[in-house]
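>
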Ligand SMILES: [Zn+2]
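Residue numbers (my numbering): 24 to 472.
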């Protein structure tokens, strides 16, 4: 769609002249042209010319009336042809117009377009059918072949020519979970988180993360250098994880991820602000569409705040700073000698006032779009963005102000990222009649519009 817009824009800019209106005499007496044409063919590099020592490439153009003209690139300009493809649209502003060398000999009044010092080129690539390339993810079979751009052997290579293959291991390359094989490295996964557990028996800080895509599910073992460092990560969040290697344990495949590995990345796409801020990155769904959605997806909806649960008002709770998970204050005081304890990280957080623990919102909201309503919960940054206030500022408000605060926000519109978090994220306490529905949907990011 964007390419269509570009084409229309270029068409508007270049509509004034057609090939048949171009005249060499008029150009020589100062007329300039703006032209717009489709690339019909791109000639080979010509290096042995009768009239010139420079290289040359001829681009055949056809305008909207079907009239053809040659566009000729000389010398260093020939590399521009690498950016062009047959079927693309080329806009030429103030091209240089030159008589064809052949026509000079044959006495014909023919001319061609050239890239002069005042010329600007605009190129709109044509949209071709997507090409599907089958890539073997098993051990590299072209042993002994030369890899370009890499010293190691990668599983993600495409044959280039007889000389070798191109290493794509540094490109964001998505592996289907069913295609993962034992003893492969450089795996990148894109999927939804369906379970997270810390592993108390492991040496070091290790978490097990279950990731699902449309083809299957796999456990990833995340090894951290000192503590969990990925911020809040919940069920239903969509993640991109790269730098994984696969091994089988007891006939069961699992993938390993080491925080200190320089190729290891972990991106929680559900919490990325860029998704909401950049319209080219998302497609807006309706609430009823996402309710029916069964595949892992980043759900972006345009919604209005209907009501913040009046029976509960706005809760603030303590959460562990590094992981963003709520701290259960009641069970902390009974089973951990009064010390606050993060059950996600399995560590105690020393001080209530200290930097390890922060106060954050825990709210439940009815969202609405033109068709339907949805009950959702949120915490952390997205809750503060919805309420336009920090948890600490909110707690300092007089009690009456706190009670009426939610009603002041009703009917505000937001773009929101919604994750289907299942029913395990809420923790204990704060039960409500909407509990089942509310625990299903988490607002992971919100942007006021
Ligand atoms: Zn924690």
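Even for Gly, the Cβ is constructed at its ideal location relative to N, Cα and C.
Taking 9 Å as the cut-off, decide whether the C-beta atoms of residue 94 and residue 138 are in contact.
Translated into the one-based positions of the chain shown, residue 94 becomes position 71. Translated into the one-based positions of the chain shown, residue 138 becomes position 115. Yes. Within cutoff.
> So the candidates are 98, 42, 292; which of them puts its Cα closest to the Cα of residue 86?
For the purposes of this step, residue 86 is identified with residue 63 of the chain shown, where counting begins at 1. Closest by alpha carbon: 42.
> If you count every other CB in all the chains shown that lies within 10 Å of the CB of residue 465, and 16 or more means buried, which is it?
Looking up residue 465 in the chain shown gives position 442. When all chains shown are included, residue 465 counts as buried.
> Do residue 367 and ligand 1 come close, with the Cβ less than 8 Å from some heavy atom?
In the chain shown, the residue the question calls residue 367 occupies position 344. Yes - ligand 1 has a heavy atom lying nearer than 8 Å to the Cβ of residue 367.
> Drop a sphere of 10 angstroms on the beta-carbon of residue 303, count the other beta-carbons inside from all chains shown, and report buried for 16 or more, exposed for fewer.
Within the chain shown, numbered from 1, the residue matching residue 303 stands at position 280. Exposed.
> Is it true that the CB of residue 113 sits closer than 9 Å to the CB of residue 61?
Translated into the one-based positions of the chain shown, residue 61 becomes position 38. Translated into the one-based positions of the chain shown, residue 113 becomes position 90. Yes; because the gap between Cβ atoms is below 9 Å, this pair is in contact.
> So, does the region 246 to 262 touch the region 286 to 300, judging by three or more C-beta pairs under 8 Å?
Short answer: they touch.
> Sort 109, 313, 236 by Cα distance to residue 200 and report the nearest one.
Along the chain shown, read from residue 1 onward, the residue named residue 200 stands at position 177. Ranking 109, 313, 236 by Cα distance to residue 200 puts 236 first.
> Could you give the residue range of the beta strand (DSSP E) that holds residue 471?
As a first step, residue 471 is located in the chain shown; it is residue number 448 there, counting from the start. From DSSP, the beta strand (DSSP E) with residue 471 extends over 464 to 471.
> Can you tell me where the beta strand (DSSP E) holding residue 51 begins and where it ends?
Translated into the one-based positions of the chain shown, residue 51 becomes position 28. Element bounds for residue 51: not the beta strand (DSSP E) but the alpha helix (DSSP H), 47 to 51.
> According to DSSP, is residue 200 part of a helix, a strand, or is it coil?
On the chain shown, position 177 is the one that residue 200 refers to. Reduced to three states, the DSSP call for residue 200 is helix.
> Beta carbon of residue 385: closer than 8 Å to some heavy atom of ligand 3?
This structure lacks ligand 3; its bound ligands are ligand 1.
> Among the candidates 393, 47, 414, 347, whose CA atom is the shortest distance from the CA of residue 467?
Here residue 467 corresponds to residue number 444 of the chain shown, with the count starting at 1. With distances taken between Cα atoms, residue 467 lies closest to 347.
> Just curious, the beta strand (DSSP E) that residue 321 is in, first and last residue?
For the purposes of this step, residue 321 is taken as residue 298 along the chain shown, with counting starting at 1. Neither: residue 321 is in no beta strand (DSSP E) and is coded neither H nor E.
> Is DSSP giving residue 348 helix, strand or coil here?
Numbered from 1 along the chain shown, position 325 holds the residue referred to as residue 348. Reduced to three states, the DSSP call for residue 348 is coil.
> At a cut-off of 8 Å, would you count residue 343 as near ligand 1, judging by its Cβ distance to the nearest heavy atom?
In the chain shown, residue 343 corresponds to position 320, counting from 1. Yes; taking the cut-off as 8 Å, the Cβ of residue 343 has a heavy atom of ligand 1 nearer than that.
> The alpha helix (DSSP H) with residue 409 in it runs from where to where?
Taking the chain shown and counting its residues from 1, one reaches residue 409 at position 386. First-last of the alpha helix (DSSP H) with residue 409: 403 to 410.
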